[in-house]
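Notes follow the structure.
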Amino acid sequence: MSDPAVVLDDLREESEALDVLVGGVSGERWSAPTPAAGWTVAHQIAHLAWTDRAALLAVTDPDGFAAEAAKALAAPERFVDDGAEEGATLPPDELLARWREGRELLQEALRGVPAGGRFPWYGPPMSAPALATARLMETWAHGQDVADALGVVRPPTDRLRHVAWIGHRARGYAYLVRGLPVPAEPVRVELVSPGGELWVYGPEDAAQTVAGPALDFCLLVTQRVHRDDTALVAVGADAAQWLTLAQAFAGPAGPGRPAREAHPAREAHPAEEVRPAREAHPAREAHPAEEVRRPAEGAKAPRAARPAEGDR
């Protein structure tokens, strides 16, 4: 199991980076629309505050969380929007204070969880490290929406490894939530990190693979980009299908984002999607850089593969 302090530290850093982004935003810009239909900057922060408090309830009062989860089941298409809408009506200073307080209370609660503890959630039960990973994933994804709304380009960080981990881990869930059978064959994921490392997830001898920039993979599994707007390369039919429905977050199947522009070649014949799965290679080495994605001239080649963390 992963050390919860590591992901909790990264969760705090991710939250603080977003806090810096919104802390200086003027009142009217809190009403700026984000790429999520019907959601403003205020809705994004309100959603994070609401979900942090739901997570806190799951850790400290499982029965109380069960009651809240029952409300969600009664209105699965509305409960997320309703929670965001309530908080978005608050004055910005009050909303920020609520978010800051809630996320710190959650940090304290998760740091005090005994090893092996698990809690109910809207998807499968989670350990403290897994719940912290889910909160980091959501904080980063909704922070991306805020940055897009404000016209800010955020440099990617190695905290994305947590988003990539949960994105790979949730592959089966993306099928189940759509009522589809989960493919039996595993998929190997090989990603070039912002720092130039190679992050790997899945068995080395998997015949089907997904490879490319970690940022693209993280944007895709959080449904912040259309598959056609990424540089991800899929080998094998199951791997290619997964990239069209990948979902790292719990809850109903998300609609995803539309493509920024038409991609006739990809729609008709995406080369990487029609390539057959390669034969299994039990002792296969990590991809060299050009097999993952040919770096731009002058760019750093990926460093040695970093094994993915195990269960959280």
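In the working numbering, the protein residues as written are 1099 to 1410.
A virtual CB, placed ideally from N, CA and C, is assigned to each residue, including glycine.
Here the structure is a predicted model, which means the values were calculated and not measured.
Open item on the list: I'd like the list of long-range same chain contacts for D1159, defined as Cβ closer than 6 angstroms, with 5 residues on each side in sequence excluded.
Closed with: The answer is none, since no qualifying residue turns up.
TODO: Measure the Cβ-Cβ separation of L1203 and L1154 and say whether it is below 7 angstroms.
DONE: At the C-beta level, L1203 and L1154 come within 7 angstroms of one another.
TODO: For the alpha helix (DSSP H) containing Q1205, list its first residue and its last residue.
DONE: In this chain, the alpha helix (DSSP H) harbouring Q1205 covers 1190-1209.
Open item on the list: Check this for me: beta carbons of A1186 and H1240, under 7 angstroms apart or not?
Closed with: Judged by their CB atoms, A1186 and H1240 are not nearer to each other than the 7 angstroms cut-off.
Task: Residue range of the unbroken alpha helix (DSSP H) whose run includes R1286 - done: Unbroken run through R1286 is the beta strand (DSSP E), 1285-1290; no alpha helix (DSSP H).
- [ ] Within 10 angstroms of the Cβ of L1146, are there 16 or more other Cβ atoms? Answer buried if so, exposed if not.
- [x] If you draw a 10 Å sphere on the C-beta of L1146, you find 16 or more other C-beta atoms in it, and that means buried.
TODO: May I ask you to report which of helix, strand or coil DSSP gives F1347?
DONE: DSSP places F1347 in coil when its eight states are reduced to three.
Open item on the list: Output needed for P1079: all residues of its chain with C-beta closer than 8 angstroms, excluding positions within five of it in sequence on either side, in chain order.
Closed with: One cannot answer for residue 1079 here, as it falls past the ends of the chain, which runs 1099 to 1410.
Open item on the list: Just to check my reading of the structure: W1128 and V1139 have Cβ atoms closer than 8 angstroms, yes? What is that Cβ distance to the nearest angstrom?
Closed with: Confirmed, Cβ separation roughly 5 angstroms.
TODO: Taking A1262 as the reference, give the member of A1282, D1243, R1216, E1236 with the closest Cα.
DONE: For the options A1282, D1243, R1216, E1236, the alpha carbon positioned closest to that of A1262 is the one of E1236.
Task: Which listed residue (A1226, P1222, G1221, Q1321) has its alpha carbon closest to that of A1425 - done: For the chain, the structure presents residues 1099 to 1410; residue 1425 sits outside this window and is missing.
Task: Cβ-Cβ distance between V1280 and G1265 below 7 angstroms - done: No, Cβ-Cβ distance for V1280 and G1265 is not below 7 angstroms.
- [ ] Indicate whether A1247 and T1132 have their beta-carbon atoms separated by less than 7 angstroms.
- [x] The Cβ-Cβ distance between A1247 and T1132 falls below 7 angstroms.
- [ ] Report whether the distance from the Cβ of L1146 to the nearest heavy atom of the ligand MG is below 6 angstroms.
- [x] No copy of the ligand MG occurs in the structure displayed, which carries no ligand at all.
Task: Alpha carbon of P1380 to alpha carbon of A1338, nearest angstrom - done: Only weak support exists for where P1380 lies, its pLDDT of 31 falling under 50; the coordinates are left without a value.
TODO: Consider the Cβ of R1257: report whether some Cβ of chain B lies at a distance smaller than 7 angstroms.
DONE: Annotation note: the requested chain B is absent from the structure, which comprises a single protein chain.
- [ ] Using a threshold of 7 angstroms, state whether the C-beta atoms of T1231 and R1410 are closer than that.
- [x] Yes; because the gap between Cβ atoms is below 7 angstroms, this pair is in contact.
Open item on the list: Buried or exposed, going by whether 16 or more other CB atoms sit within 10 Å of the CB of A1164?
Closed with: So A1164 counts as exposed.
Open item on the list: Taking the beta strand (DSSP E) that Y1273 belongs to, which residues open and close that run?
Closed with: Bounds of any beta strand (DSSP E) do not take in Y1273; it lies within the alpha helix (DSSP H) bounded by 1269-1274.
Open item on the list: Comparing C-alpha positions only, which one of F1347, W1137, A1168 sits nearest to L1274?
Closed with: Nearest option by C-alpha distance: F1347.
TODO: Note the first and the last residue of the continuous beta strand (DSSP E) segment covering G1310.
DONE: Element bounds for G1310: 1306-1311.
Open item on the list: Please report the distance separating the alpha-carbon of P1102 from that of R1209.
Closed with: Their backbone Cα atoms lie some 7 angstroms apart in a straight line.
Task: Pairwise C-alpha distance: G1352 and G1125 - done: The C-alpha of G1125 lies about 30 angstroms from the C-alpha of G1352.
- [ ] Please say whether A1115 and A1144 have beta carbons closer to each other than 7 angstroms?
- [x] No, Cβ-Cβ distance for A1144 and A1115 is not below 7 angstroms.
Open item on the list: Using DSSP's beta-bridge definition, name the partner residues of T1237.
Closed with: In DSSP, T1237 forms no bridge with anything.
Open item on the list: Distance check for L1234 and L1109, CA to CA, integer angstroms please.
Closed with: L1109 and L1234: Cα-Cα distance of roughly 5 angstroms.
Task: DSSP three-state assignment for V1251, whether helix, strand or coil - done: If DSSP states are grouped into helix, strand and coil, V1251 belongs with coil.
Task: Secondary structure of V1331, DSSP reduced to three states - done: In the structure shown, V1331 sits in a strand (DSSP, three-state: E or B).
- [ ] Pull up the distance between the alpha-carbon of R1176 and that of P1189, whole angstroms please.
- [x] A straight-line Cα-Cα distance of about 23 angstroms links R1176 and P1189.
TODO: Let me know the secondary structure DSSP gives P1131 once reduced to three states.
DONE: Assigned with DSSP and collapsed to three states, P1131 falls in strand.
- [ ] Can you check the stretch 1132-1192 for any alpha helix (DSSP H) of at least 4 residues that lies completely inside it and give the ranges in chain order?
- [x] Unbroken alpha helix (DSSP H) stretches of 4 residues or longer found wholly inside the stretch 1132-1192: 1139-1158, 1160-1172, 1177-1186, given in chain order.
Open item on the list: Is it buried or exposed, L1278, if we count other Cβ atoms within 10 angstroms and call 16 or more buried?
Closed with: Exposed is the call here.
TODO: Enumerate in chain order the residues of its own chain whose CB-to-CB distance from G1221 is below 6 angstroms, with the five nearest sequence positions on each side excluded.
DONE: Only A1348 meet the Cβ criterion.
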